[in-house]
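Participant: Each step along the sequence shown adds one to the number in the numbering used here, with nothing skipped, and position 7 is 365.
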Amino acid sequence: MLYLAPKTMWSNLSRETLQRYLSQAQQAYNDLMLGNKPISVSYSQETGAKSVTYTQANMQLLQGYILDLQRTLGINRRYAIGVRFR
């Protein structure tokens, strides 16, 4: 089944570009978790280049950025497998 992401600010970017942004964001998250700070992430879109600096104080924003990229790429989060007894 092909996942068709809704129109987002990422819609006009290639899959390779989105993958690169995701990789950079995940590396930034890892660096923050290890205490290396602050971390800057840059990306381009139709309105021009953007740059955001993340610190441990706003890690949730970085997590949201990662989830948005994953959703756009069709990468689903894994959920726990439920066990049902009859």
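From the three backbone atoms N, C-alpha and C, an ideal C-beta is built for every residue, glycine too. Small disclaimer: the values here were computed from a predicted structure and weren't measured.
So the alpha helix (DSSP H) residue 430 belongs to, where does it begin and stop?
Facilitator: Walking along the sequence shown from the start, residue 430 turns up at place 72. Start and end: 417-431.
Participant: How would you call residue 430, buried or exposed, if buried means at least 16 neighbouring beta carbons within 10 angstroms?
Facilitator: Counting from one through the sequence shown, the residue named residue 430 turns up at place 72. So residue 430 counts as buried.
Participant: Whole angstroms are fine: how far does the CA of residue 370 sit from the CA of residue 405?
Facilitator: Start at 1 with the first residue of the sequence shown, and residue 405 comes out as number 47. Start at 1 with the first residue of the sequence shown, and residue 370 comes out as number 12. Looking at the two C-alpha atoms, the distance is approximately 12 Å.
Participant: Let's see if you can read the secondary structure: which residues bound the beta strand (DSSP E) around residue 403?
Facilitator: Within the sequence shown, residue 403 is the residue found at index 45, counting from 1. Its beta strand (DSSP E) spans residues 397-403.
Participant: Would residue 386 be called buried (16 or more neighbouring beta carbons within 10 Å of its own) or exposed?
Facilitator: Mapped onto the sequence shown, residue 386 falls at position 28. Flag for residue 386 reads buried.
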